[in-house]
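Below: one structure, written as structure tokens.
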């Protein structure tokens with residue numbers, strides 16, 4: 126259905142990307158292209174689609190739609206990455222002249238706070254073991 130996408134996925138497989146990464150890329154890109162086709166009616170014309178008609182505003186609207194649906198910024202950035210590498214590939218292979226995602230900003234991700242052990246908890250862990258001989262280690 127999407128010749129450029131099939132070519133890109135074949136390229137990912139040839140490069141040795143993991144099947145999970147390849148599936149994520151394929152699913153994210155296909156969902157975007159289907160949404161653009163449905164929402165903007167620009168992607169398919171007489172059963173021939175024109176990838177070069179995709180604009181940065183379409184990508185921004187799509188990512189905003191995902192944000193409005195309650196998706197996390199980390200998930201949105203995963204979609205952004207999938208689209209970015211796909212459109213870069215399309216420019217390299219001369220399927221399109223200009224990368225539409227080039228100036229689309231990344232979503233700001235929340236910093237995760239890792240809970241660490243307190244000093245007293247570390248002491249309790251150490252005291253739990255009897256280090257009197259090597260057999261107990």
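Numbering (our numbering), first residue to last: 126 to 262.
Note that beta-carbon positions come from the ideal geometry of N, C-alpha and C, so glycine has one too.
Here residue 240 carries a coil assignment [DSSP, helix/strand/coil].
For residue 138, the enclosing alpha helix (DSSP H) begins and ends at 128 to 140. Leaving aside the five residues that flank residue 136 on each side, the residues in its chain whose CB is nearer than 8 Å to its CB run, in chain order, 214. CA-CA distance, residue 156 to residue 219, rounds to 23 Å.
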